[in-house]
Amino acid sequence: MAKEMRIEGRELLRKSSVYLILILLLLTFSILSPRFLTASNLINVLLQTSIVAMLAIGQTVVMLTAGIDLSVGMVGILCGAIAAGLATGYGFGLNLGTVPAFLLTLILGSVIGGVSGLLIVFGNLPPFVATLAMMAVARGLTLVFTQGKPIAGLPEDFVFVGSGSVLGIPFPVILLFVAVVLAYLLLARTAFGLHIYAIGGNKEMARLAGVNVRRVELGAYIISGLTAAFAGLILTGRLASAQPNVGAELNLESIAACVLGGTSLFGGTGNVLKTIVGALIMGTLANGMNLLGIPSYPQLVIKGLVFIAAVTLDILSTRKRA
Amino acid sequence: MAEEKKITTDEILLEMKGISKSFPGVQALKNVDFVLRRGEIHGLVGENGAGKTTLMRILTGVLPKDSGTIILKGKPVHIENPRHAQLLGISVIHQELSVLPNLTVGQNIMLGREPRSFLPFLVDWKKLYRASLEHLQRLNVDIDPRTPISELSVAQRQMVEIARALSFKADIIVMDEPTSALTEKEIESLFSLMRSLREQGISIIFISHKLEEIFSIVDRVTVLRDGALVGSMPISEVKTEEVVKMMVGRELGEMFPKDSVPQKEVVLSVRNLKRGKELRGVSFDLRRGEILGLAGLVGSGRTFVARAIFGADPLEEGEILIEGKKVHIGSPQEAISLGIGFLPEDRKAQGLFLGLPLSHNIGITGLKRLSLFGVVIFRKLKELALNFVNKLRIRTPNISQLVRNLSGGTQQKVILARWLSLKPRILILDEPTRGIDVGAKAEIHAIMSELAKEGVAILMISSELPEVLGVSDRILVMHEGRIVGEFTREEATQDRIMLCATGGANNG
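So, in structure tokens, the structure goes:
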């Protein structure tokens, strides 16, 4: 009896550890810095988190299938640059305005995700390899397109996507909220979502049960490309310009958010809500360290260490269950 | 044509006629006939490698047959793949469970056929759980379909699999060793479930190594041996001993030359080895120059004995003594340094580096002795390899040949050479001749005999009874994690060992 309760207790701890870590972080920073626990700063945390969180939504879907998308950060940057070009007349020489530029860019992101997916599903490339290659391609295209220089002079409605707010709530946070709700419904309510989990649990068994494994996997990478494009648009809007040389750590942060949120690297378990909490942990950590005056270079080291800790925990807990 | 007018109780549901299947080098099935009637539990028995699993894999669409016909409900069918078999009403409950642990019970039962709601991409969860509850209730199983599989016991997971099979309107369910992971009580409830399925007109093909189970549940039994049908009859018309005889039935030839004599000195003693369900208190002695055969069915715990002695799995209880001294073996490295060698069962997965040359494969565990300040001296490695190529008559064009390109028997000799290069006192061989041809088998047996003469103590695990009988000085039989029988070379017969191994006798 006592043993059972201990096991249940441990299980509960494992399931809710992501929330505990976030609460612990919030408490720590509240004590260490008087400026941390203010409405404006908390909104700031949400705002800072929104880009990584957006990337992490697609990443979660991919990771649930036991895959990984290493291209999300660079695909986002590429999409941001292309959108900036289309909205300002740079590069292509035609100024489409913000909304058509956005739509085309979102399609572009989905297509890039789809190409990765096709390579994985039909070319049998390991997801790691296909998306690593796609990361290089996206970064190269960004540099070719921008000539390595920022694209500035974005229209006001473009900038609004990253910096505007409605009723005091930053627009990126609203976008993120909508995306989370949609992704949650997709995973929890649709057959597609169920099949994502089934594939991550055991691909062969899912296939034998009649799941169209290829189509579902392809769908996962398309979604990842789409959320990457959204994240790229938000980032570009926030910076009020397309910056070709940012975003190096976005991949790591998106994967870290998923793993912190309990999405298994081996597929099959996890959900978007916890991923968002994972992203908030990363965001809170960055924000708190900024307030404490820790310079940005050591911050990166700390983020790397947090990532290692999260992955180690994932591997340990998977082993225990097996 | 007369069959068409059979009465329902004797209705033939499935007929497999003249099924043959060969794999490279092996004729797995030779012209096998199998007849299944509606509403019967049909036992399928035979030694390891007799062809039971191959026959069932053909029936369930996992493997294509080479020749023969399958007639289902009077119509010839061509079963293309497992999915097709399911749609035809043939389902399998596997030995290893195949439910998805990360989904709920209901999701597992209805996977791939989820009921949809007003929008075609949305799952109607209420309907899904209601339908799966109905399937569970039909089995009289009290499990909430919303429970995640990971919270269920093995037995409960099996029930979910059966419910899933029924949801396909299965009328044939193949159960491959379904009891191997269950407790006594769980087996009882599985059996009563099987009986109630039989009453509903469902036919069950039940594969089990445990003859007690066969005799307590099946209506008919079919015996296979070496890929051929030996007989099929109502269970009431045979006795356990007769079935055993049909299963083994081979004559021992002159295949096993035996000229080594064990000495008195005990090299290895294990006392009361315990580890979960696999080892429930195993004790024995192994003498210098002795070949000790460890017989038993797959899953009886033989390999775990070997792994425990070799330090590959931690022990929960028990002790190991080498030459009278108590030792603690915490890892394979420690075992090796104590002079223990282990030739694992699955050569490719556990023993050989297929992409490396023969010489490296032989030298890899003894690299320390072949190197100076951590740098391997390749001249020494070459000498070592050449030495063993000659000694064991390893057939290879040269010592830099990649192991991948060598035959199974030659590969086995390469691993043997690796262990011999360490000059072990104790050698554990797990299925040393599985899957290799007769000639290479005899050569390996000769090498074993040679080693025994030199004083090496050999523990040999083998599922081939003629091999166990022919090579061993003494034979231990395992059943469910215990040693249930011990025979001298003179006492042992195939029937006596088989009876012990299937739990049919207590010779302990």
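So the sequences go chain by chain: L and P.
The first sequence maps to residues 3 to 324 in this note's numbering.
The second sequence maps to residues 3 to 510 in this note's numbering.
Using N, Cα and C, we set each Cβ at its ideal position, and we do this for glycine too.
Computed from a prediction, not measured in an experiment: that's the story for all the values here.
- Sorting P:Leu213, P:Glu186, P:Ser182 and P:Ala165 by C-alpha distance to the C-alpha of Leu199 (chain P) places P:Ala165 at the top.
- CA-to-CA, the gap between Thr277 (chain L) and Leu15 (chain P) works out to about 52 Å.
- For Leu44 (chain L), the enclosing alpha helix (DSSP H) stretches over residues Ala41 to Leu66.
- DSSP, read as helix, strand or coil, puts Asp348 (chain P) in coil.
- In this structure, the CA atom of Lys129 (chain P) is about 7 Å from the CA atom of Pro117 (chain P).
- If you draw a straight line from the Cα of Leu318 (chain L) to the Cα of Ile366 (chain P), it comes to about 30 Å.
- Counting only residues of its own chain and dropping the five nearest sequence neighbours on each side, Ile81 (chain P) has a CB closer than 6 Å to the CB of Gly63 and Ala87.
- Here Gln88 (chain P) carries a helix assignment [DSSP, helix/strand/coil].
- Leu210 (chain L) has a beta carbon lying within less than 7 Å of a beta carbon in chain P.
- Excluding its 5 nearest sequence neighbours in each direction, Leu39 (chain L) has C-beta neighbours in its own chain below 6 Å: Ser32, listed in chain order.
- Contact annotation for Glu116 (chain P) against chain L: Ala193 and Leu196 [CB-CB distance below 8 Å, chain order].
- Gln335 (chain P) carries a helical assignment under DSSP once its states are collapsed to helix, strand and coil.
- Using a 10 angstroms sphere on the CB of Ala138 (chain L), the tally of other CB atoms stays under 16, which defines it as exposed.
- With 16 or more other CB atoms across the displayed protein chains lying within 10 angstroms of its CB, Ala181 (chain L) is buried.
- Not a single CB atom of chain L sits nearer than 7 Å to the CB of Pro426 (chain P).
- Across the structure, Gly114 (chain P) and Ser210 (chain P) are spaced so that their CA atoms are roughly 30 Å apart.
- With contacts defined by Cβ atoms closer than 7 Å, Glu42 (chain P) and Ser205 (chain P) form a contacting pair.
- Residues of the same chain with a CB within less than 7 Å of the CB of Ser361 (chain P), apart from the 5 flanking positions on each side, are Leu383, Lys384, Ala387, Ile401 and Ser402 in chain order.
- At a cut-off of 7 Å between beta-carbon atoms, Leu124 (chain P) makes contact with chain L.
- Glu347 (chain P) sits close to Asp432 (chain P), with the two beta carbons spaced by under 7 Å.
- At the C-beta level, Ala459 (chain P) and Leu288 (chain P) come within 7 Å of one another.
- In the DSSP assignment, Lys370 (chain P) falls outside any alpha helix (DSSP H), carrying neither H nor E.
- The shortest C-alpha to C-alpha distance from Pro150 (chain P) to any of L:Asn289, L:Gly203, L:Phe160 and L:Phe268 is the one to L:Gly203.
- Of all residues in the region 153–172 of chain P, only Arg166 come within less than 9 Å of chain L when Cβ atoms are compared, listed by chain position.
- Within the region 212–243 of chain L, those residues whose Cβ lies closer than 8 Å to any Cβ of chain P are, in chain order, Gly212 and Val213.
- Put simply, the CB of Gly270 (chain L) is near chain P, with a gap under 7 Å to one of its CB atoms.
- Counting along the chain, the unbroken alpha helix (DSSP H) around Leu108 (chain L) starts and ends at Thr100 to Val123.
- Under the Cβ distance rule, Met65 (chain L) does not count among the residues neighbouring chain P, no pair being separated by less than 7 Å.
- Interface with chain L (7 Å Cβ-Cβ cutoff): Leu408 (chain P) is excluded.
- Rounded to whole angstroms, the gap between the alpha carbons of Leu124 (chain P) and Gly234 (chain L) is 30 Å.
- Just so you know, the alpha carbons of His197 (chain L) and Glu219 (chain L) end up roughly 9 Å apart.
- Interface flag for Asn204 (chain L) against chain P is set, since a Cβ pair is found closer than 7 Å.
- Ser169 (chain P) is classed as buried because its beta carbon has at least 16 other beta carbons within 10 Å across all chains shown.
- For Ala68 (chain L), no CB of chain P lies under 7 Å from its own CB, so it is not counted at the interface with that chain.
- In the displayed model, Ile296 (chain L) falls within coil according to three-state DSSP, outside both helix and strand.
- Across the region 101–113 of chain P, CB contacts with chain L closer than 7 Å involve Leu102, Pro103, Asn104, Leu105, Gln109 and Leu113, in sequence order along the chain.
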